Amino acid sequence: MLVTGKEILQKAHEEGYAVGAFNTSNLEMTRAVIEAAEEEKSPVIIQTSQSAITYAGSTEIAMIVRLLAEEASVPVALHLDHGTDWDVVMKCLRDGWTSVMFDGSKYEFDKNIEITKQVISIAHPMGVSVEAELGKIGGVEDHVKVDAKDATMTDPDEAVEFVEKTGVDYLAIAIGTAHGVYKGDPELDFDRLKDIKARLNMPIVLHGASGVPEEDIKKAVSLGVNKINIDTDLRQAFKKAMHKVVKEQPDVYDPRKMLAPTSDAIKEVVKTKIRMFGSNNRA
Ligand code: 13P
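Using our numbering, the first residue of the sequence shown is number 28, and each one after it goes up by one.
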């Protein structure tokens, strides 16, 4: 069933687990994520970056995800990941996303509050939930690139003020993760997470979770993270499976036969993450 992000994440916040938000840009990835969630009896969030929308088409990708979500036996939300452009966010609201992130992290604090508030004033009456980002998460996520020197951790006092002034539904915080592939293991600031969660008492979002060691993910969940974004791990599973097909079955040229193993690989990664995040059997 298709639901809002808030419906999924409020329950996760109240019951103490996290739900995976997996990036998609086509039919095969979407289907793999939903099948994994159904097999694990887990709620799930499917998210599209702005460049995934440019790649697939806004109406087209919305129709694919919404249709598969409506047919699914588990709750599925369609979320806009890192919406930095006002026009894209508005188009997603019109095209049926049930959750949007307005990423105003490149703006000064007050400007971020102002635009986030404007987005919420339109999204909420339409029944769409909103995520915002405070602090700056490093690394590269499609069109969003933040150099390590520009990444900044979320300030807990600012987080309280930001949430009070905007009324945002869930907040992405910067505690040391980064988008993309890590060079070493990331160092997460768990004390900061604990402090922010205690003061906000709302769903918290962790970006850049691919490649973060399992024990760190589990600790972050135990300290109050409720939405965990995964993109790079899916892309790498796709690439590895595709490479294997090309190498081991050089005579195969049917795209369906080449894509099937990539879907299986993505599905396996999603199932592993779901169990790691503790959202299995929560649908
Ligand atoms: P990764 O690519 O590191 O998994 O991050 C995904 C993400 O945070 C999307 O917003």
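For each residue, glycine too, the CB sits at the ideal point set by N, CA and C.
In this text the structure is predicted, and so the values were computed from the model without any measurement.
Span separating the alpha-carbon of residue i from that of residue j
i    : j    : result
A225 : A39  : 16 Å
D313 : V296 : Past the boundaries of the shown model lies residue 313; the chain is included only from 28 to 310, so the question cannot be answered.
A292 : T86  : 27 Å
E160 : T57  : 25 Å
A79  : K221 : 33 Å
Y197 : Y82  : 27 Å
A48  : N307 : 14 Å
P288 : F265 : 8 Å
E126 : I91  : In the sequence as displayed, the identity of residue 126 is Ser instead of Glu. Cα to Cα, S126 sits roughly 16 Å from I91.
L105 : M285 : 27 Å
V157 : E242 : 29 Å
V30  : A99  : 11 Å
Check: residue i C-beta below 6 Å from any heavy atom of the ligand 13P
i    : result
H151 : no
N256 : yes
R168 : The sequence given here places Glu at residue 168; Arg does not occur at that position. Yes, the Cβ of E168 comes within 6 Å of a heavy atom of the ligand 13P.
T299 : no
D212 : no
D112 : no
D108 : yes
S237 : yes
T259 : yes
H206 : yes
H234 : yes
Cβ shell of residue i (< 6 Å), same chain only, five flanking positions each side left out
i    : result
G238 : Y209
V252 : A45, I231 and L233
T179 : G162 and K163
G123 : A89 and R93
A175 : G165
Helix, strand or coil at residue i according to DSSP, with G and I counted as helix
i    : result
D137 : helix
V272 : helix
V46  : strand
T193 : helix
V187 : helix
G394 : Past the boundaries of the shown model lies residue 394; the chain is included only from 28 to 310, so the question cannot be answered.
S100 : coil
D243 : helix
L215 : coil
I202 : coil
S306 : coil
T31  : coil
Residues of its chain near residue i, where Cβ-Cβ distance is below 7 Å and the 5 sequence neighbours each way are ignored
i    : result
K246 : F217
I140 : F189, K192 and T193
T204 : I164, P213, L215, L233, H234, G235, A236 and V239
Residues of its chain near residue i, where Cβ-Cβ distance is below 8 Å and the 5 sequence neighbours each way are ignored
i    : result
M117 : I149
E168 : S76, D108, H109, H206, G207, H234, G235 and D258
Residue from the options with nearest C-alpha to residue i
i    : options                   : result
D212 : P240, A89 and I200        : P240
R283 : I200, A89 and E55         : E55
C119 : M153, L250 and I257       : M153
V195 : S100, D174 and V155       : V155
I147 : K254, K176, W113 and K133 : W113
V115 : H170, D281, E65 and E66   : H170
L95  : A186, E65, D182 and E135  : E65
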